[in-house]
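Asker: Below is the structure I would like to discuss, written out as structure tokens.
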Amino acid sequence: MTSKHRWFFTAFAASALVVLAAEARVESVGDASATFDAAGPGGLNIHGSTDDLVAGEQAGKIEVKVALGSLTTGIALRDSHMKEKYLEVAKFPDARVVVERSQLKFPTKGAAVRDQVAGAMTIHGVTRSVTLEYAASTAGPKGDRIVVTGSAPIDIRDFGIEAPSYLGVGVDPHVTLKVRFKVLDR
Numbered sequence: 001m002t003s004k005h006r007w008f009f010t011a012f013a014a015s016a017l018v019v020l021a022a023e024a025r026v027e028s029v030g031d032a033s034a035t036f037d038a039a040g041p042g043g044l045n046i047h048g049s050t051d052d053l054v055a056g057e058q059a060g061k062i063e064v065k066v067a068l069g070s071l072t073t074g075i076a077l078r079d080s081h082m083k084e085k086y087l088e089v090a091k092f093p094d095a096r097v098v099v100e101r102s103q104l105k106f107p108t109k110g111a112a113v114r115d116q117v118a119g120a121m122t123i124h125g126v127t128r129s130v131t132l133e134y135a136a137s138t139a140g141p142k143g144d145r146i147v148v149t150g151s152a153p154i155d156i157r158d159f160g161i162e163a164p165s166y167l168g169v170g171v172d173p174h175v176t177l178k179v180r181f182k183v184l185d186r
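According to our numbering, the sequence shown holds residues 1 to 186 in order.
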């Protein structure tokens, strides 16, 4: 159950990785993270995270990819269940979000933007349309780096993942995915 929640959250976070729009080709630079948060009975909160996230652009599309094998929740047994039973990372190693660059708002130097964008999220081999909320601001001495944060709520069952359960205790299948990363806009 706990492992399942972590997987859900990590996958969601990976998928929830919010994408940026700009006038040029973007590529990952610096620190990045993807997280998920899930809930269970009696105030159970599960938080999963990884720093294995890459963002890039190809053919007018921005893609954020999260490696699910590095997702952790702080409990080894839960992590094992999440990765092996629920996320099946051996078969589905990544979660991805793809957004059309033309649909994104890019911040101007010294400014920030906040918006929503439609994207395609793939988790567990299943692709679904999602609405992502994102914020982006410029950074760096030239203002050419963009710091992006994003989130998306998902129901893991929509991605063919059963709601985690361990010893009769289940986890809510509604998970919030979040990402934070930096890109260089060339």
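Glycine included, C-beta positions come from ideal geometry on N, C-alpha and C.
State buried or exposed for Gly40, treating a residue as buried only when at least 16 other CB atoms are found within 10 Å of its CB.
Answerer: So Gly40 counts as buried.
Asker: Alpha carbon to alpha carbon, how far is Leu77 from Gly110?
Answerer: If you take the alpha carbons of Leu77 and Gly110, they lie about 45 Å apart.
Asker: For Ile75, tell me which candidate among Lys91, Gly48 and Val54 has the shortest Cα-Cα distance.
Answerer: Taking only the C-alpha atoms, the option nearest Ile75 is Gly48.
Asker: Which value, in whole angstroms, describes the spacing of the CA atoms of Lys61 and Phe36?
Answerer: Approximately 24 Å, taken between the alpha carbons.
Asker: Taking contact to mean at least 3 C-beta pairs separated by less than 8 Å, is the stretch 165-173 in contact with the stretch 119-137?
Answerer: As far as the Cβ criterion goes, the stretch 165-173 does not touch the stretch 119-137, which means the pair count is below three.
Asker: Buried or exposed: where does Asp31 fall if 16 or more other Cβ atoms within 10 Å of its Cβ makes it buried?
Answerer: So Asp31 ends up on the exposed side.
Asker: Here's the rule: buried if 16 or more other CB atoms are within 10 angstroms of the residue's CB, otherwise exposed. What is Ala95?
Answerer: Looking at its Cβ environment, which holds 16 or more other Cβ atoms inside 10 Å, Ala95 is buried.
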